[in-house]
Amino acid sequence: MMRKNKRISVTQIAKELNVTRRTIFRIIDTLKSQNRIRRIGDLKSGTWEVIE
1224 MMRKNKRISV TQIAKELNVT RRTIFRIIDT LKSQNRIRRI GDLKSGTWEV IE
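In my numbering, the protein residues as written are 1224 to 1275.
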């Protein structure tokens, strides 16, 4: 999802996957700690970068 839409919100991801926002935050934290994604810019207007 983040590859297709770099500006996708946590709320949008949660709705599409039918899980809570908290679950998405946990997944994002895991992916960030594994250096698989990173946030470019601030939380409101930034984008996600998927690291291969």
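Ideal placement from N, C-alpha and C gives every residue a C-beta, glycine not left out.
- Distance from the CA of residue 1235 to the CA of residue 1275, rounded to the nearest whole angstrom, comes to 23 Å.
- Between the alpha carbons of residue 1227 and residue 1259 lies a gap of roughly 15 Å.
- Taking C-alpha positions only, residue 1231 is separated from residue 1224 by approximately 8 Å.
- Boundaries of the beta strand (DSSP E) around residue 1273: 1270-1273.
- In the displayed model, residue 1231 falls within coil according to three-state DSSP, outside both helix and strand.
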